[in-house]
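Encoded as structure tokens, the structure appears first; notes follow it.
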Amino acid sequence: MTPSEIFRAGLRDQNPGLVQLLGLCPLLAVTTSLGSGLGLGLATLAVLAASNVLVSLVGRALPAEIRIAVFVLLIAALVTSVELALAAWLPGLHAALGIFLPLIVTNCLVLARAEAFASRQPAGAALLDGVAMGSGFLLVLVALGSIREVLGRGSLGGDLHLLFGGHGAHGGIHLFGEQHGFLLALLPPGAFILLGLMLAVRQAVRARATAATPQAAMPPEPVGRVRA
Amino acid sequence: MGAAPEPAFRRSGRAALVLLFCAVLAFGAVSLVHEATRDEVAAARRARELARFDEVLRGLRYDNDLLADTILVHDAELLGSNGPVTAYRARLGQEPVAVILAPVARNGYSGPIELLVAIAPDGKLLGVRVTAHRETPGLGDEIETRRSAWIESFAGRWLGSPPLPRWKVRKDGGDFDQFTGATVTPRAIVSAVANALVYFERHRDELLAPASTMPP
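If you read the sequences in order, they're chains A and B.
First residue of the first sequence: 60, per my numbering; consecutive thereafter.
First residue of the second sequence: 12, per my numbering; consecutive thereafter.
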């Protein structure tokens, strides 16, 4: 695969959040604000890129029986390291992400890319795939987090100081008072509904693009659907 | 591999060795990271706790090491926790200026609510903060300072103002506001704070004792 194909797959055609629907649990649970969505997205991106490279380096040398076990071990070690680093240098973000940080281990996106892509590809391509898939996931986290924060709290980027330092919880853009927020957007059902709407928009855009181009030029969507 | 297929036991033995090797490597790497971040993690945790104490003490001055000057107290009924509860003592000079208790309100709407309650030596409340809860967003979470100033209504209160029987939400005939649509949460907190004050009254001497008389 060429780099542009890898990026097209990660960001659009096989976007982990909107097409493969991988890692739904953190996707829905953490995205109550732009800041926490961005934080978890970056952490996942870092873990995914690093695990892809490591898996690509060792994958083919491993006996088939223990391949998955070693991948899980690698991913767990990486996630633990990222968690410790965040606890040391970004304690606010560490507290905001809570249990979902160690749970990156169980994000099937990471293991899925290790097994389906990185273990069969050279390190460079695996790194690109990790960055592309991680960015695709990050974009969905940030989009969903922004929508939910605006609807639910009437602000945008109100807790970005957790990531980038600075003082107080009064940064970001304020649109209206938090007491007028649309509470459902912050609750888990609201997350499902909004993600559903995002999926619908994506499908509509895709359908329009398909209708606009001749069938021959637009191959059927190559979706590798995995259960999340 | 050679011409003859490898025997199964040798194959699995080799796989086990590789797995062991990987496990040792991963363990070593995580240990290194842990070692490299240990001091920062401890410092960050300490800074976070001290920031919370500053909030609950409302800027009260003290000059001792709050996190070291502690005693463990135990009262399942009044402090809401079956295990020991830490009491932190703030002092200026050698004089005690505040005791911070960390009681738990067990009858929250969805699970226990953890509190910090700062009490002056004369039994007046300096401040109350919620440190952990799972109350309904938008209804019960007005106990957070981020959402409303309700929790500030405890500052300056003591067991004579209002008298103990009126340490209830208004709906139950007490002096404290409840929130629209959420009575259980403030009710739980009001009673937990009152219980903490009762505990303080009963154990004042023990709580305010100088650090030096503590058993090591």
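Note that beta-carbon positions come from the ideal geometry of N, C-alpha and C, so glycine has one too.
DSSP state of residue i mapped onto helix, strand, coil
| i | result |
| --- | --- |
| Val-78 (chain A) | coil |
| His-144 (chain B) | coil |
| Arg-69 (chain B) | coil |
| Leu-160 (chain A) | coil |
| Tyr-210 (chain B) | helix |
| Gly-211 (chain A) | helix |
| Gly-171 (chain B) | strand |
| Arg-117 (chain B) | coil |
| Thr-137 (chain B) | The amino acid occupying residue 137 (chain B) in the given sequence is Leu; Thr does not appear at that position. In the structure shown, Leu-137 (chain B) sits in a strand (DSSP, three-state: E or B). |
| Thr-196 (chain B) | helix |
| Phe-187 (chain B) | strand |
| Glu-106 (chain B) | strand |
| Ala-98 (chain B) | strand |
| Leu-36 (chain B) | helix |
| Leu-170 (chain A) | helix |
Candidates the options: closest to residue i by CA position
| i | options | result |
| --- | --- | --- |
| Pro-247 (chain A) | A:Leu-87, A:Ile-65 and A:Phe-66 | A:Leu-87 |
| Gln-79 (chain A) | A:Pro-85, A:Arg-67, A:Gly-151 and A:Leu-168 | A:Leu-168 |
| Gly-167 (chain B) | B:Val-29, B:Leu-36, B:Lys-135 and B:Ala-37 | B:Lys-135 |
| Ser-92 (chain B) | B:Ala-129, B:Arg-213 and B:Leu-112 | B:Leu-112 |
| Gly-138 (chain B) | B:Ala-79, B:His-85, B:Gln-105 and B:Ala-160 | B:Ala-160 |
| Leu-89 (chain B) | B:Tyr-120, B:Leu-30 and B:Val-128 | B:Val-128 |
| Ala-203 (chain B) | B:Asp-80, B:Arg-57, B:Val-29 and B:Ala-87 | B:Ala-87 |
| Ala-47 (chain B) | A:Val-106, A:Ile-134 and A:Leu-145 | A:Leu-145 |
| Ser-164 (chain B) | B:Ala-143, B:Pro-197 and B:Glu-60 | B:Pro-197 |
| Ala-175 (chain A) | A:Glu-142, A:Leu-215 and A:Gly-118 | A:Gly-118 |
| Val-131 (chain A) | A:Glu-142, A:Val-114 and A:Ser-140 | A:Val-114 |
| Gly-24 (chain B) | A:Glu-124, A:Arg-265, A:Leu-186 and A:Gln-180 | A:Glu-124 |
| Val-141 (chain A) | A:Leu-107, A:Val-209 and A:Val-201 | A:Leu-107 |
| Leu-143 (chain A) | B:Leu-83, B:Ala-34 and B:Arg-49 | B:Arg-49 |
| Ile-134 (chain A) | A:Gly-151, A:Arg-179 and A:Ala-102 | A:Ala-102 |
| Gly-98 (chain A) | A:Val-201, A:Ile-206 and A:Leu-121 | A:Val-201 |
| Leu-256 (chain A) | A:Ala-270, A:His-220, A:Ile-206 and A:Thr-272 | A:Ile-206 |
CB contact flag (residue i, residue j, <8 Å)
| i | j | result |
| --- | --- | --- |
| Asn-111 (chain A) | Gly-189 (chain A) | yes |
| Pro-114 (chain B) | Leu-103 (chain B) | no |
| Gln-189 (chain B) | Arg-177 (chain B) | no |
| Leu-243 (chain A) | Gly-249 (chain A) | yes |
| Leu-116 (chain A) | Ala-171 (chain A) | no |
| Leu-70 (chain A) | Leu-198 (chain A) | yes |
| Leu-43 (chain B) | Ile-130 (chain B) | no |
| Ala-177 (chain A) | Ile-65 (chain A) | no |
| Thr-91 (chain A) | Gly-204 (chain A) | yes |
| Gly-47 (chain A) | Glu-208 (chain A) | As shown, chain A starts at 60 and ends at 287. That puts residue 47 (chain A) outside it, with no answer to give. |
| Ala-37 (chain B) | Ala-136 (chain A) | yes |
| Leu-222 (chain A) | Gly-94 (chain A) | yes |
| Arg-59 (chain B) | Pro-150 (chain A) | yes |
Counted within 10 angstroms of its Cβ, other Cβ atoms place residue i as buried (16 or more) or exposed
| i | result |
| --- | --- |
| Trp-148 (chain A) | exposed |
| Pro-179 (chain B) | This sequence places Lys at residue 179 (chain B); Pro is not what is there. With 16 or more other Cβ atoms within 10 Å, it is buried. |
| Asp-133 (chain B) | exposed |
| Ile-252 (chain A) | exposed |
| Cys-84 (chain A) | exposed |
| Gln-262 (chain A) | exposed |
| His-153 (chain A) | buried |
| His-239 (chain A) | exposed |
| Met-192 (chain A) | buried |
| Arg-213 (chain B) | exposed |
| Arg-140 (chain B) | buried |
| Glu-146 (chain B) | buried |
| Ser-172 (chain B) | exposed |
| Ile-124 (chain B) | buried |
| Phe-20 (chain B) | exposed |
| Arg-212 (chain A) | buried |
| Arg-267 (chain A) | exposed |
| Ala-229 (chain B) | Residue 229 (chain B) cannot be examined here, being either before or after the span of chain B that is shown, 12 to 227. |
| Gly-192 (chain B) | exposed |
Residue i CB to nearest heavy atom of the ligand GTP below 7 Å
| i | result |
| --- | --- |
| Ala-244 (chain A) | Summarising the ligand content, the structure contains no ligands, and the ligand GTP is consequently not present. |
message = So within the stretch 227–274 of chain A, which uninterrupted alpha helix (DSSP H) runs reach at least 4 residues, ignoring any that extend past its ends?
response = 247–271, all fully within the stretch 227–274 of chain A.
task = Within the stretch 80–165 of chain A, note down every full alpha helix (DSSP H) run reaching 4 residues or more, in order along the chain.
result = Runs found: 83–89, 93–117, 126–148 and 150–156.
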